[in-house]
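Everything below concerns the one structure shown next.
Residue numbers (this note's numbering): 2 to 108.
Right, here's the structure in full:
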């Protein structure tokens, strides 16, 4: 079972739509038999107790370091860009579509 980090827009655009897109991808990853890490779900922790944006990025980065692969959801996002930059820096493969992810996970 591979651990897959989901990087994508959260604050730019409609937050609810962004969270839903990330959750849909997480469900696809689960259906493929793998373990997603969906940082968008911290949305609900943030509703419970707000934290600074930078703290959420730092937490996400710690989880990213434990993942085997990352998927980048299309859309403008400074945070997701930083996460992908970190993934590239530490050698975690990055894909840009579910089809590409499926190919990598099935190989």
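Every residue, glycine too, gets a C-beta built ideally from N, C-alpha and C.
Check                                                                                                : Outcome
Contact under 8 Å by Cβ, residue 87 with residue 29                                                  : no
Cβ separation of residue 84 and residue 8, assumed to be a contact under 8 Å, to the nearest whole Å : 4 Å
Alpha helix (DSSP H) segments (min. 4 residues) lying fully within the region 33–73                  : 43–49 and 54–65
Per-residue DSSP class, three states only, for residue 90                                            : helix
Short Cβ contact (8 Å threshold) for residue 35 with residue 3                                       : yes
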